Every structure is written in structure tokens, then in C-alpha cells.
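Protein chains in written order, with our numbering: chain U, 1 to 203; chain A, 204 to 406.
A virtual CB, placed ideally from N, CA and C, is assigned to each residue, including glycine.
Remember, predicted model here, so these are calculated numbers, not experimental data.
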């Protein structure tokens, strides 16, 4: 019986490791890990995490324009953080949100219109919640390779924009269609977001 | 020791069930399940499966046009099938590919351009590989609710289009950017797809 239980456990663990789940749930493998010089290690299995949404050519600036080049943004979150959000409506410590930017194509194989995603990864950013590590609890990291990413300085515009406009805990849950209803039901929408969505635009 | 092993196993199983992984790997919970009248049961946890890609307004017909209404398509696959594809370059029995269609919005919150996904699910189709059940090994099911889906008859155009143009085993892996390189490396691209991609267009 002991052998059966152990073998089942080992088989299960072997099956799960490729998906980023570790045997030791106290230190989940999908949480943030850092290099000795405080860079964020590339989360190699993020494409096997939970998908939150995909957008194309989104811009928060009224002046932007990218008429000649389209890009998709895919957002993933580590499974432990997703599970906590579903239960509570907000993010736990050690949350990692990955924004992957990919090229968009129109003509290819039998496709004639619209856009599909191609194999060119054009960028990656990670938003990490690590309460003991960052004074504002969250930090952004920008990746130029698949080894480690640069910490974005605390004064950068992304921090203030997320603080001022994000629906939940400095994250843009308003653009994550399966999570927004959970936050609404749990009452975790930020005061700033609630004010923005209920106040009519200035004349 | 037996108690420790059993408790660890139970704790792990409790943690995993929300993500669609079952304790009994011989009958994975993410495989297809049918009603008594041969409809496919709705895979309720598909948003927690592996994301393959997202497209917008894609069309395989040169004549199509949807200028006044945009939609995203998100594709997910059950984790067991994904794991097998990564290892072999093709799909195992009991593969389920889910195509979720969602509304696309432009103006909302602080977004000004491009498109993001909204909460309106406009349709869902599932492509199932069940070798013992379907004469062609694969079948399509169309969902109009979140209970069960209708089998698409074998003579429908989707079957012949997938057979004639799909990159791997009647599936459009040419539009799944992380899987296409695996199929290329494993040599599992279909003869029809290889011919299509190497033959110059007729003059």
C-alpha cells in the first residue's frame, strides 16, 4: 500500500512538473525567482499558465497610431495566483502577470482576412506582486531575452497609470473578461476604477 | 510514512482538481464526456486549459467581410493532449480543441484604439479526437449553451476543409505559433499542408 501510494504520487508529480506545478506547494515553481543581481528570472513555462486575454493594437493614448503594423498582446497568470483570484477577487502575494507581444499576420495558409498570431515574439513584460521585496508591493520587469528581465524603475509611467486606472490591485482586470465579473461579485474593484466608470466625462 | 504519502497525495489532488486535473490519470477529467443522446458535455474548465492562440476576424474565404463587427477567436486544448503534442508533434486520442468566440471592443476604460475582448461569448465549437467513437477519428461539436453541444454531421464543410488544409492531423497547427515549430521538428506536418506551402500559386 505504501509502495502503491508512493508510486502514484511519483507518477502524478512526473506528469505535473512540465506544467509548472511543483511537488512542494509551499514554494510553487510558478512564483517569481530572481538572479543574484535582482533581475527576474524568465518564467519559462508561462505559456502553460492560465490565459487571461488577448488584445490587438491596444493603446491607452488617444494620439497613438500603428496603421502599418499590428501586434497581439497575450496575458497569462501563474496558476496559484489565478486560483486565489477566483476565490477572493484579488491577487495573492507572488502573483506574476505575463504580457507577451506577438506579431499579427493576415495572409497565410488559407487565411484571407483578419489577423492571426505568428511565431515572432516582439516583447515580454511581467508584473510581479512580491510584498516583502517591493515598496509598492508590485513591480514591472521588461524582458529583452529569455534569461532574465530588467526591473522598471519605480518612477516610470506604467506604475502611476496602473495605480490610477486599474480595476483591481493595480492590474487591468477590466480587460480580463472572465475575471471582471468575479471582482464585481467579490466587491474588490478599486475606488479609482469605480469612480472612473460611474463619472460622466467632463464637458 | 504511509500516512504522510497519502496526505500529500490528497493535498495535491485537492489543489489540482480546480484546474481540471483528476486523480485518476487513466480517465482524465479533461477528456470528452457525452450525454446519453450522444451530445458532447460542455467542458466547463476549458478556460483553465492550455491556450494555443487568439485571432481576430479571421476568414478562410476571400469574399468575406465583417467591417462593422469584430470578434476574437481563442483556442484552448486539454492539458493531457498538449503534453502529448509537445512530446510527439501530434495529437493523442481524447484530444479536445476548444474554439471560443468573443466580442471585440475598442473604446472602454482607458483604451482608445485596437481591440480588447469583452465578456460576451458569441459561440463555442469543440474539435474532438475519439478514435473508437467517430469513423474519421475526429468530430466537431457546436455549442449553443453551456450544457452540451450538437455533433456537426460528417458531410459538413469543416471536415473536408480541415482534411485538405490543416497542418497536423486535421488541425490548424499552422495558426498555433508555439506548436508549429514542434510539428516541423518532429516531422508531423501533413502531406497536403507541405504541398500547399511549397507549391507556388497557379498563374
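Close CB contacts of residue 234 of chain A within its chain, under the 6 Å cut and outside five residues either way in sequence, are with 297 (chain order). Put simply, the CB of residue 313 of chain A is near chain U, with a gap under 7 Å to one of its CB atoms. Rounded to whole angstroms, the separation of the alpha carbons of residue 315 of chain A and residue 58 of chain U is 7 Å. Note on geometry: alpha-carbon atoms of residue 274 of chain A and residue 328 of chain A lie some 15 Å from one another. Bridge pairing for residue 326 of chain A: A:304 [DSSP]. In the pairwise beta carbon analysis, the segment 301-310 of chain A is classified as touching the segment 239-254 of chain A: at least three pairs are separated by under 8 Å.
Where residue 59 of chain U is concerned, there is no enclosing alpha helix (DSSP H), although the beta strand (DSSP E) around it starts and stops at 50-59. Annotation for residue 139 of chain U: no alpha helix (DSSP H) segment contains it, though the beta strand (DSSP E) segment containing it runs 138-143. For residue 285 of chain A, the closest alpha carbon among the candidates A:398, A:376, A:396 is that of A:376.
DSSP, reduced to helix, strand and coil, places residue 151 of chain U within a strand of the structure shown. For a Cβ distance threshold of 9 Å, nothing in chain A lies close to residue 184 of chain U: the least Cβ distance comes to about 10 Å.
Assignment of residue 248 of chain A by DSSP, reduced to helix, strand and coil, places it in the coil class. Each of A:321, A:331, A:306, A:319 was checked against the Cα of residue 294 of chain A, and the nearest Cα belongs to A:331.
Counting along the chain, no beta strand (DSSP E) covers residue 289 of chain A; the unbroken alpha helix (DSSP H) around it starts and ends at 282-291.
Judged by DSSP in its simplified three-state form, residue 374 of chain A adopts strand. Rounded to the nearest whole angstrom, the CA to CA distance from residue 246 of chain A to residue 345 of chain A is 12 Å. With respect to chain A, the C-beta atom of residue 169 of chain U has no partner C-beta closer than 7 Å. Residue 311 of chain A is bridged by DSSP to A:314. Neighbourhood of residue 318 of chain A in chain U, by CB distance below 8 Å: 55, 56, 57, 58, in chain order.
Bridge partners of residue 40 of chain U according to DSSP: U:34, U:149. By alpha-carbon distance to residue 138 of chain U, the top candidate from U:162, U:85, U:102 is U:162. Inclusion of residue 188 of chain U and residue 89 of chain U in the CB contact set at 7 Å is warranted, their separation being smaller than that value. Between residue 288 of chain A and the set A:394, A:397, A:388, A:319, the nearest pair of CA atoms involves A:388.
Under DSSP, residue 275 of chain A forms a beta bridge with A:259, A:305. Cβ neighbours of residue 75 of chain U within its own chain (closer than 6 Å, five residues either side excluded): 52, 53, 99. Counting only the Cα atoms, residue 156 of chain U lies some 51 Å from residue 362 of chain A.
Rounded to the nearest whole angstrom, the C-alpha separation of residue 238 of chain A and residue 318 of chain A is 37 Å. A distance of 7 Å or more separates the beta carbons of residue 77 of chain U and residue 102 of chain U. Minimum Cα-Cα distance from residue 241 of chain A among the listed residues A:343, A:396, A:276, A:383 corresponds to A:343. DSSP, reduced to helix, strand and coil, places residue 319 of chain A within a strand of the structure shown.
Within the segment 172-196 of chain U, the alpha helix (DSSP H) runs of at least 4 residues that lie entirely inside it are, in chain order, 180-186. Within the DSSP secondary-structure output, residue 332 of chain A pairs in a beta bridge with A:341.
Contact of residue 377 of chain A with chain U is assigned, a C-beta pair being separated by under 7 Å. For residue 393 of chain A, the number of other beta carbons within 10 angstroms of its own is at least 16, and it is reported as buried.
Chain U has no Cβ within less than 7 Å of the Cβ of residue 240 of chain A. Listed along chain A is no residue with a C-beta nearer than 7 Å to that of residue 133 of chain U; the closest approach is about 25 Å.
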